[in-house]
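Asks:
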Amino acid sequence: MRNLLFRVFYYDKRINLEVFHALTDGAGCIWFMESLIYYYMTIKYEDKLSKDIPKINYRASISQKMDDSFERNFHKDLAYRKEFKNEHRNAYRIKGSRLQENRMKLIEGTMSAKKILELSHKYNTTLTIFLTSLFLYSIYKDMPSEKTSQPIVLSVPINLRQYYESYTARNFFSTLNVSYDFEKSGNELEDIVESVNESFKSGLTKEKLDLHLYRLMSLEKNPFARIIPLPIKDFALKIADHINDRRITTSISNIGQIKMPPEFSEYIKKFTLCVSARSPKITLCSYKDNLVISFTSPYEDTDIQRIFFQYLANNGIDVEITSNS
């Protein structure tokens, strides 16, 4: 149907779900995919599963899933306005030769989640912080020398459900901007990990998350913004989006571990997740011990991807690379 904002299709042993971001965020998308796979498995392998068909985990009621958690957790606290400070410095922007017909290059690296965790622990940090640091390091290694005065800024989506006890299937996320200036700081991975760890620690406090939620909702509730004609509003948003893009290099998103009933284990190899990109981006998720790191990029160049996966391989991580190229 042309009026739907998502579509499901398949090829060989792969089932694909495409979702427009206005419908939901990564967590909501995964919940839908889990339900889709559940019903597919119970129909496809009904004879083999017989009486062992597990009950589906709906996670929450329909009303909870339809909840507008931004609205419910919005508090009119004017103190937040005084705490907010803008960072006007432009970030390093990745350039390259674009693919023909505006296509996306997808490179997926599949590896052991346990091995990556072990490597992360050698740096005394978490998997997300380690891979964020490695992404910063990989971009720096590909960075032209005349651009090293610019900071590299990664946008990291944050699932707000865990902080506000929400079960909504609608969009409910914030972003944490992780900045690193290689001209002023060390260029070793250990230095980057230490800085990123501090950024996560200071940026993921309840006060900072409340502030970001307040900023988003105060714009939506602004009475002046509501009466502006839609064409003017769309034009203003495009300008704001362009300005915001200048302050961010790219993004990395970790959806986390995907869980399915153990009865389905032998029929599912792995889950992968990717997003459309205006610059090389990383998304990752894991299922059982299979961690999949997906690079999407509009560019022909793959040096950042090569540096990233080569570092993992040189540190004892077996990486299986697949691509749409």
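If you're matching positions, the sequence shown starts at 96 in my numbering and goes up one per residue.
Ideal Cβ placement from N, Cα and C applies to all residues, glycine included.
Since the model is a prediction, treat every value here as computed from it, not as a measurement.
(1) What residue range is occupied by the uninterrupted alpha helix (DSSP H) comprising G123?
(2) Could you have a look at F115 and say whether DSSP puts it in helix, strand or coil?
(3) Start and end of the beta strand (DSSP E) containing N168?
(4) Exposed or buried, what is P252 when buried is set at 16 or more other beta-carbons lying within 10 Å of its beta-carbon?
(5) Determine the DSSP secondary structure at R310, reduced to helix, strand or coil.
(6) Could you work out which residue in L311, Y259, I402 is closest to L299 when comparing CA atoms only?
(7) With a CB to CB cut of under 7 angstroms and the five nearest residues on each side skipped, what residues in its chain are close to Y140?
(8) Between S228 and the rest of its own chain, which residues show a CB-CB distance below 7 angstroms, the 5 nearest in sequence each way excluded?
(9) Assuming contact is defined by CB atoms lying nearer than 8 angstroms, are I412 and M206 in contact in what I supplied?
(10) Using CA atoms only, rank isn't needed, just tell me which of K303, Q245, K354, Y406 is closest to S280.
(11) When the distance is taken between beta carbons, is Y382 closer than 8 angstroms to I353?
(12) Can you tell me whether DSSP reads K376 as helix, strand or coil?
(13) Under a three-way DSSP split, which group does I234 fall into?
(14) Exposed or buried, which one is P99 when buried takes at least 16 other CB atoms within 10 Å?
(15) In chain order, what residues of the same chain have a beta carbon less than 6 angstroms from the beta carbon of V414, not counting five sequence neighbours either side?
(16) Report, in whole angstroms, the separation of the C-beta atoms of A437 and Y262, which I expect to be a contact under 8 angstroms.
(17) Quick one: what's got a C-beta closer than 6 angstroms to I416's C-beta in the same chain, skipping five residues either side?
(18) Please confirm whether F359 and V387 have their CB atoms less than 8 angstroms apart.
(19) Can you say whether A117 is buried or exposed, counting buried as having 16 or more other CB atoms within 10 angstroms of its CB?
(20) Using the Cα positions of L212 and N152, report the straight-line distance between them to the nearest angstrom.
(21) Helix, strand or coil for Y394 per DSSP?
Replies: So, to answer that:
(1) Here residue 123 refers to the residue found at position 28 when the sequence shown is read from its first residue. 121-139 is the extent of the alpha helix (DSSP H) around G123.
(2) Indexing the sequence shown from 1 puts residue 115 at position 20. Per DSSP, reduced to three states, the secondary structure at F115 is coil, with no helix or strand assignment.
(3) In the sequence shown, the residue the question calls residue 168 occupies position 73. Taken as a continuous stretch (DSSP letters only), N168 belongs to no beta strand (DSSP E), as it is neither H nor E.
(4) By one-based count along the sequence shown, residue 252 stands at place 157. With 16 or more other Cβ atoms within 10 Å, it is buried.
(5) Numbered from its first residue, the sequence shown carries residue 310 at position 215. Here R310 sits in helix by DSSP.
(6) As a working note, residue 299 is residue 204 in the sequence shown. Considering only alpha carbons, the answer is Y259.
(7) In the sequence shown, residue 140 corresponds to position 45, counting from 1. So the qualifying residues of the chain are Y362.
(8) Walking along the sequence shown from the start, residue 228 turns up at place 133. Cβ within range, chain order: L284, I287, V288, V291.
(9) Residue numbering aside, residue 412 sits at position 317 when the sequence shown is read from its first letter. Residue numbering aside, residue 206 sits at position 111 when the sequence shown is read from its first letter. Yes, these two residues count as a Cβ contact at 8 angstroms.
(10) Translated into positions along the sequence shown, residue 280 becomes position 185. The closest CA to that of S280, considering only K303, Q245, K354, Y406, is found on Q245.
(11) Along the sequence shown, one-based indexing puts residue 353 at 258. Along the sequence shown, one-based indexing puts residue 382 at 287. Cβ atoms of I353 and Y382: closer than 8 angstroms.
(12) Position 281 of the sequence shown holds residue 376. If DSSP states are grouped into helix, strand and coil, K376 belongs with the strands.
(13) The count along the sequence shown starts at 1 and reaches residue 234 at position 139. In this structure, I234 counts as helix in the three-state DSSP scheme.
(14) Within the sequence shown, numbered from 1, the residue matching residue 99 stands at position 4. Checking the sequence shown, residue 99 turns out to be Leu, not Pro. The residue in question, L99, is exposed, as its Cβ has fewer than 16 Cβ neighbours within 10 Å.
(15) Taking the sequence shown and counting its residues from 1, one reaches residue 414 at position 319. Once the five neighbours on either side are set aside, the close Cβ partners of V414 are G204, M206, F404, L407, A408.
(16) With the chain represented from 96 up to 420, any question about residue 437 goes unanswered, as that position is not in the structure.
(17) As a first step, residue 416 is located in the sequence shown; it is residue number 321 there, counting from the start. Excluding residues within five positions, the ones whose Cβ falls inside 6 angstroms are G204.
(18) Taking the sequence shown and counting its residues from 1, the one referred to as residue 359 is at position 264. Taking the sequence shown and counting its residues from 1, the one referred to as residue 387 is at position 292. In this structure, F359 lies away from V387, with their beta-carbon atoms at least 8 angstroms apart.
(19) For the purposes of this step, residue 117 is identified with residue 22 of the sequence shown, where counting begins at 1. By the Cβ-count criterion, A117 is exposed, with fewer than 16 other Cβ atoms from all chains shown falling within 10 Å of its own Cβ.
(20) The residue labelled residue 212 in the question sits at position 117 within the sequence shown. The residue labelled residue 152 in the question sits at position 57 within the sequence shown. For L212 and N152, the distance between alpha carbons rounds to 27 angstroms.
(21) Residue mapping note: residue 394 aligns to position 299 of the sequence shown, counting from 1. Y394: strand per DSSP, three-state reduction.
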